[in-house]
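Numbering (my numbering), first residue to last: 196 to 554. Note that the Cβ used here is the ideal one computed from N, Cα and C, for glycine as well. Below you'll find the structure, written out as structure tokens, and then a few comments.
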Amino acid sequence: MDNSQSVQPRRHGPTILTLYAALAFMGCGDPDSSHQMSVNQPVRSSVGKPDAEAILTGRRIDPGGKSEDDPSHNFGALSWELMALATGEQLAGGRYQRILEQPVAIFRASQWDETRGCSKTHPYYGGTGYDERSTPDLLHTAQAVQALRVAGIPADDPYVQRAVIFISRCQRLNGLSDDRADGGDPDEGGLTFDPSKATSSKRDGTRSSRRPCGAATCMGLSSLLAAGISPEDARIQGTLRWLRAHYSLDTHPGMTCANEGLYRYYYEFAKAMTGLGQDQLRDARGVVHNWRGELAQRLAARQRPDGSWVNPEESAEQAWCGPVTITSFALLTLDQIGDSRGLNRRRGQGATLLKKVAW
């Protein structure tokens, strides 16, 4: 996956389409990746018990039977479902433990490690791809880590720690501690979706033709936090340097097409900042941004009269399902921003639309 490709989910049938809508409608699905959380503490999400039960009773995961709309075909889809299943398990007092074990087992079996003949020195070691046959990428690896943490898998679990190796290899990091005032690599600290494209000129004399982008960098940041990495770690500090240097909520930084994957970037950015507990971000020019307020303004300005959000520059996304996924990410972003800014009406408008379309 490169920066010219979509960072949105691929097409995979009505099940995941409905699931994305359900997650946005209920405001669930996000691990609290705050570094203050114990590495062995299951992450909680905010979905209510009746809503979780509705998802659980409507879907069952059968790893052996992969129909066209079964999200076990797609690990990105399975990540979202696992978060819903885990939430229901937390609320139902153990009634769904057997169901919860199945997607966890699928993820464990799919990771590229020694059991699949992949040595620790291989660039794809610890990663997860689109499906069992695909090469790993950051998008699916990051989603898997965060879903497993919601499901109660501890941060020091071997799966999570192997994934950290993969995620770290997706980062362009040379150990710089400043904001590149010396004219160094402008992409220092950012992440790409493919570890083989993250090589920096200062590391081995070569320069990558693939630049880091905002969504990938924020996914990496959130996943490292969820894996128990300290905010003071050089990898997380590197992501912050990149985000400060490329700060924008008008475009998706690092993308060839400025608005490609914009709403996914909004969601990942808000989740990363929330995980760090940062209400403000100072950019490389010294300007302090109240990112919650700025992001809320962008979403308010872009919402259509019917309550939906669209992205005209995301042609593949539009061809797949129109405003449903874009609106889902917008609502998940608003959920990260919080209800204290008078956003309930906009959330309600978007959620009502999704309910009509997806259910």
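Query: Can you tell me whether Q531 is buried or exposed? The criterion is at least 16 other CB atoms within 10 Å of its CB, across all chains shown.; Result: buried
Query: Does the contact criterion of 3 or more C-beta pairs under 8 Å hold for the region 287-297 versus the region 350-368?; Result: no
Query: Where does P390 land, buried or exposed, given buried means 16+ other C-beta within 10 angstroms?; Result: buried
Query: DSSP three-state label for L386, please.; Result: strand
Query: Can you tell me whether DSSP reads C223 as helix, strand or coil?; Result: Residue placement at C223 is poorly supported in this model, since its pLDDT is 48, which falls under 50; the coordinates are not used for a value here.
Query: Tell me whether Q366 sits in a helix, a strand or coil according to DSSP, three-state version.; Result: strand
Query: Under 8 Å: do the region 320-330 and the region 300-311 share three or more Cβ pairs, one atom per stretch?; Result: yes
Query: Around the C-beta of P500, are 16 or more other C-beta atoms found within 10 angstroms, so that it is buried, or is it exposed?; Result: exposed
Query: Run the CB neighbour count on A342, radius 10 Å, all protein chains shown included, and call it buried at 16 or more, exposed below.; Result: buried
Query: Suppose only complete runs of 4+ residues qualify. What are the alpha helix (DSSP H) ranges in the region 307-358, listed by chain order?; Result: 333-345
Query: Quick check on DSSP: helix, strand or coil for L444?; Result: coil
Query: Taking the alpha helix (DSSP H) that P518 belongs to, which residues open and close that run?; Result: 518-532
Query: Report back the beta-carbon spacing between W486 and L476 to the nearest angstrom; my notes put them in contact at under 8 Å.; Result: 5 Å
Query: Tell whether a beta-carbon distance below 8 Å holds between A411 and L386.; Result: yes
Query: Could you check if S425 is buried or exposed, using at least 16 other CB atoms within 10 Å of its CB as the buried criterion?; Result: exposed
Query: Within 10 angstroms of the Cβ of R339, are there 16 or more other Cβ atoms? Answer buried if so, exposed if not.; Result: Note on residue identity: the sequence assigns Ala, not Arg, to residue 339. Under this definition A339 is a buried residue.
Query: Using the Cα positions of P448 and E509, report the straight-line distance between them to the nearest angstrom.; Result: 15 Å
Query: Note down the Cα distance separating I521 from N506, rounded to an integer number of angstroms.; Result: 7 Å
Query: Rounding to the nearest angstrom, what Cα-Cα distance links L527 and R480 in this structure?; Result: 29 Å
Query: For V359, tell me which candidate among G433, A272, A337, S523 has the shortest Cα-Cα distance.; Result: A337
Query: What did DSSP end up calling R499 once you bin it into helix, strand or coil?; Result: coil
Query: Closest by CA to L280, which one among V345, G271, G312, E455?; Result: V345
Query: Any idea which residues DSSP pairs R477 with across the strands?; Result: V483
Query: Going by C-alpha distance, which of D332, R311, L277 is nearest V299?; Result: L277
Query: May I ask which residues mark the beginning and end of the alpha helix (DSSP H) holding Y458?; Result: 457-471
Query: Does the beta-carbon of D445 have 16 or more other beta-carbons within 10 angstroms, so that it is buried, or is it exposed?; Result: exposed
Query: Starting from R293, follow the alpha helix (DSSP H) in both directions and report where the run begins and ends.; Result: 292-305
Query: Is DSSP giving T434 helix, strand or coil here?; Result: helix
Query: Quick one: Cα of G433 to Cα of L419, how far?; Result: 12 Å
Query: Y442 and H484: beta carbons closer than 8 Å?; Result: yes
Query: Do the CB positions of E383 and R436 come within less than 8 Å of each other?; Result: yes
Query: Report the start-end ranges of each alpha helix (DSSP H) in the region 403-432 that is 4 residues or longer and not cut off at the edges.; Result: 409-421
Query: Buried or exposed, going by whether 16 or more other CB atoms sit within 10 Å of the CB of E427?; Result: exposed
Query: Quick one: what's got a C-beta closer than 6 Å to A440's C-beta in the same chain, skipping five residues either side?; Result: A479
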